[in-house]
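Just so we're aligned, residue 1 is where the sequence shown starts under UniProt numbering, counting upward by one.
In this text, a Cβ means the ideal position worked out from N, Cα and C, and glycines have one as well.
Before any comments, here is the structure.
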Amino acid sequence: MITLNAIVRQYGPAYRARYGERMPPSHRAALDALAACRTEALGGHVYTCAACATTRYSYHSCKNRHCPTCQQEAAQAWLSRQQDLLVPLPYFLITFTLPPALRDLARSHQRLLYTLLFRSSAAALQQLAHDPRFLG
């Protein structure tokens, strides 16, 4: 099965060549971690079975929070905890998007723009919730 790490190793250099100048440092760091995960770049350990003396070399993981290989177990545990908090009511998905004119700006100023997006989204939902035509 192909992994995200393998895709990043194969196509990451071309992606960086095309978009690297516009990528935030956090994205470059995540790509570096994903590309190096469980490869000789991060080193590893030799494990020896005490019963049969078989040895196995295991490369170190990147432990990056964006790495699906490293974070699978943590993600499943988090999801389980979140599901325990759900109230037994129907849920629906609401999606808020940035207009195309703001997307380049958001890439360069993620913290500011996404904070504004979340605040604006919350205000819009609260306004709808107070309106008698909707939830009122």
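The C-beta distance from ARG28 to THR69 rounds to 19 Å, too long to fall under 8 Å, and the pair is not in contact. Taking the CA atoms as reference points, LEU105 sits about 16 Å from GLY20. Distances from the CA of LEU31 to each of THR55, ALA6 and PHE118 were compared; the closest alpha carbon is that of ALA6. Annotated as distal: SER26 and GLY44, with beta-carbon spacing of 8 Å or more. Apart from the 5 residues on each side of it in sequence, PHE96 sits with its Cβ closer than 7 Å to the Cβ of LEU117 and SER121 in its chain, given in chain order. Contact between CYS62 and LEU34 holds, since their C-beta atoms are separated by about 7 Å, short of 8 Å.
Look at ARG56 here: in three-state DSSP terms it is strand. Secondary structure in the UniProt domain "Transposase zinc-binding" (7 to 98): the beta strand (DSSP E) runs of 3 residues or longer, each lying completely within the stretch, are 44 to 48 and 55 to 59 in chain order.
Annotation for PRO90: no residue places its beta carbon closer than 6 Å to its own, counting only its chain and skipping 5 residues before and after.
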